[in-house]
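Just remember that my numbering sits 11 ahead of the position in the sequence shown, which is counted from 1. Every residue gets a Cβ at the ideal spot worked out from N, C-alpha and C, and that includes glycine.
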Amino acid sequence: MRVDAVDFFYLSMPTVTTDADGSQDALLVRVRAGEWSGWGECEASPLPSIAAFVTPMSHGACRPVAASVLGARLDGPGDIGRIAAQVARDSMDLLQAAHTWSGIEVALWDLLGQLRQEPVWRLLGYATSEPKQPYASMLFGRTPQDTLRRARTAVEHGFTAVKFGWAGFGESSVRADADQLVAAREGLGGHGRLLVDAGQIWRHDLDAAAARVPALEAADVYWLEEPFEPEAYAVHAALAARTRVGIAGGEGSHNPQMAMNLVEFGRVRFVQVDCGRIGGIGAAKAVADAAERAGVTYVNHTFTSHLALSASLQPFAGLATHRVCEYPVEPRQLAVDMTLDHLNPDANGQIRAPDAPGLGVRVDTAAVRRYLVDVDITVAGQTLFSSSAQAL
12 MRVDAVDFFY LSMPTVTTDA DGSQDALLVR VRAGEWSGWG ECEASPLPSI
62 AAFVTPMSHG ACRPVAASVL GARLDGPGDI GRIAAQVARD SMDLLQAAHT
112 WSGIEVALWD LLGQLRQEPV WRLLGYATSE PKQPYASMLF GRTPQDTLRR
162 ARTAVEHGFT AVKFGWAGFG ESSVRADADQ LVAAREGLGG HGRLLVDAGQ
212 IWRHDLDAAA ARVPALEAAD VYWLEEPFEP EAYAVHAALA ARTRVGIAGG
262 EGSHNPQMAM NLVEFGRVRF VQVDCGRIGG IGAAKAVADA AERAGVTYVN
312 HTFTSHLALS ASLQPFAGLA THRVCEYPVE PRQLAVDMTL DHLNPDANGQ
362 IRAPDAPGLG VRVDTAAVRR YLVDVDITVA GQTLFSSSAQ AL
């Protein structure tokens, strides 16, 4: 069969704030081939991602993503890899292409799983879907007392690990950050796992990051995530040599090589991958395989819907020793409403990639209609995209 159509649905909350919360809007992707369809989600700004699919060709290495996808043959996993290579080749000068393709690629896997009545993880070659231990992923509170309360709430909901990030951490004094860490540790208790996401706040300033090491170690922080810009490999490695706290990173990667460079040159102990950015499930699986060989822990990155959560679990679903799993606990209502299915922790507080065809998560089309943003892209009097043409 062949890819007949790719539809984009730009969803948004009524008000979008400057909070570092990617669940405030979404770009859903539906791929159709014959009577089959699959869903994916791009982890990127919706409008540029749509534009990358329909933009007029600039030159031979700057073609719209649509040119490589529409009409492409889709009979098995190998075809998804072939289309990915074509996108990389023909849209190499279109920097948004990787993000646009990521959502399409996820939808192709979902479609293929529906067709074969197999979960995606089985199509990837895994025999089982292993349990993962989710950590509650949230922002720091505005004050240490707020952080303390948020940590206690996560524990009350059964989480044994919590990640706090952004919300001003690293922007003011070392003492202010230490106060936040003390509050997080107190709220989590002595045995809970505490993780910290610095959100690239120190860019490439090793001294600024190193100044926080005593407080991070005193709070027994399991990992420090994204202390620097993703390409600052030498600084990552230098910080890793100064602390027993593990360094994590990789979510900003838009191809597998970027993620593995952090492992080889940045000496990260945890490599985090977002399927909605890196090029989809196949690209993420390549990183998971490489991480397994390198003795580095693979971790999913996701902060939006449970469609994206399921996609993020597939590449390492069968890796029994890679158990750390990001779990968004405070998404905006949009991210909750957009799917009919949710991956809730079991009695042991664990989650698994669904044992159901495709991603095992159904999109709620009624919710999509409620949050849908009208979009028209017109160039020289020709309409290249119109949301009104994307029938649900």
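For V372, which residues from the same chain have a beta carbon less than 6 Å from its beta carbon, with the 5 sequence-adjacent residues on both sides left out? H317, L318, S321, T350, D352
Please decide whether G152 counts as near chain C, where near means a Cβ-Cβ distance under 8 Å.
Structure shown: chain C not included; a single protein chain is present.
Once DSSP output is grouped into helix, strand and coil, what is the label at L135?
coil
### Message
Which residues does DSSP list as the beta-bridge partners of H265?
### Response
Its beta-bridge partners do not exist; DSSP assigns none.
(message) For the region 155 to 164 against the region 194 to 212, do three or more pairs of beta-carbon atoms, one drawn from each stretch, fall closer than 8 Å, so that the two count as touching?
(response) yes
| said: I'd like to confirm the pairing. Which residues does DSSP put opposite A195 in its beta bridges? | reply: According to DSSP, which records beta bridges pairwise, A195 is partnered with nothing at all.
**Message:** Going by DSSP in three states, M271 sits in which element: helix, strand or coil?
**Reply:** helix
**Report entry** Element boundaries [beta strand (DSSP E), containing T308]
**Finding:** Judged by DSSP secondary structure, T308 falls within the beta strand (DSSP E) whose first and last residues are 308 to 311.
Notebook entry, point to check: Out of F20, V14, W132, D190, which has the shortest C-alpha to C-alpha gap to V386?
Noted result: F20
> Start and end of the alpha helix (DSSP H) containing F64?
Replying inline: 57 to 65
message = Could you tell me the alpha carbon to alpha carbon distance between T154 and A229, rounded to whole angstroms?
response = 19 Å
Compute the Euclidean distance between the alpha carbons of A377 and V279, then round it to the nearest angstrom.
42 Å
| field | Option nearest T394 by Cα separation, candidates P59, P67, A55 | value | P67
* Asked: Is A322 helix, strand or coil when you go by DSSP?
  -> helix
Start and end of the beta strand (DSSP E) containing A259?
If you look at A259, you'll find it in the beta strand (DSSP E) that goes 257 to 260.
Point to revise | Reduced DSSP category for Q211 - H, G, I as helix; E, B as strand; rest coil | key: coil
If you count every other CB in all the chains shown that lies within 10 Å of the CB of R74, and 16 or more means buried, which is it? buried
Taking the C-alpha atoms as reference points, what is the distance between T139 and F170? 24 Å
Those residues which DSSP pairs with A178 across a bridge:
Paired residues: none, contrary to the question.
(message) Ignoring anything shorter than 4 residues, give me the alpha helix (DSSP H) runs that lie fully in the region 319 to 383, in order along the chain.
(response) Qualifying alpha helix (DSSP H) stretches, in chain order: 344 to 348, 376 to 382.
Residues of its chain near S102, where Cβ-Cβ distance is below 6 Å and the 5 sequence neighbours each way are ignored:
R74, V76, A108
Exercise. Leaving out the 5 sequence neighbours to the left and right, which residues in its chain are closer than 7 Å to A44 when beta-carbon positions are compared?
Worked result: M12, R13, V14, D15, L85, L122
- Message: Using CA atoms only, rank isn't needed, just tell me which of F396, G369, P365 is closest to W47.
- Response: G369
*asked:* Can you find the residues in the same chain that come closer than 7 Å, C-beta to C-beta, to L119, ignoring five residues on each side of it along the sequence?
replied: V42, G49, L85, I91
- Message: For E262, which residues in the same chain have their Cβ closer than 6 Å to its Cβ, ignoring the five residues on either side in sequence?
- Response: Counting only Cβ-Cβ distances below 6 Å, and skipping sequence neighbours, we find Q283, D285, H312.
Exercise for review: Measure the alpha-carbon distance for R334 versus A391 and round it to whole angstroms.
Suggested key: Spanning the alpha carbons of R334 and A391 requires a straight line of approximately 51 Å.
Do Y137 and G329 have their beta-carbon atoms positioned less than 8 Å apart in this structure? yes
Quick check: the region 204 to 215 against the region 180 to 191, are at least 3 beta-carbon pairs closer than 8 Å?
yes
Quick check on R84: does DSSP put it in helix, strand or coil? R84 falls in the strand class under three-state DSSP.
Quiz prompt | Contact set for L354: own chain, Cβ-Cβ below 6 Å, skip 5 residues either direction | solution = H317, L320, I362
*Return the CA-CA distance between E141 and N359, expressed in angstroms with no decimal places.*
13 Å
Expected contact under 8 Å - CB spacing of S23 and R288 to nearest Å:
Not confirmed; about 19 Å, so no contact.
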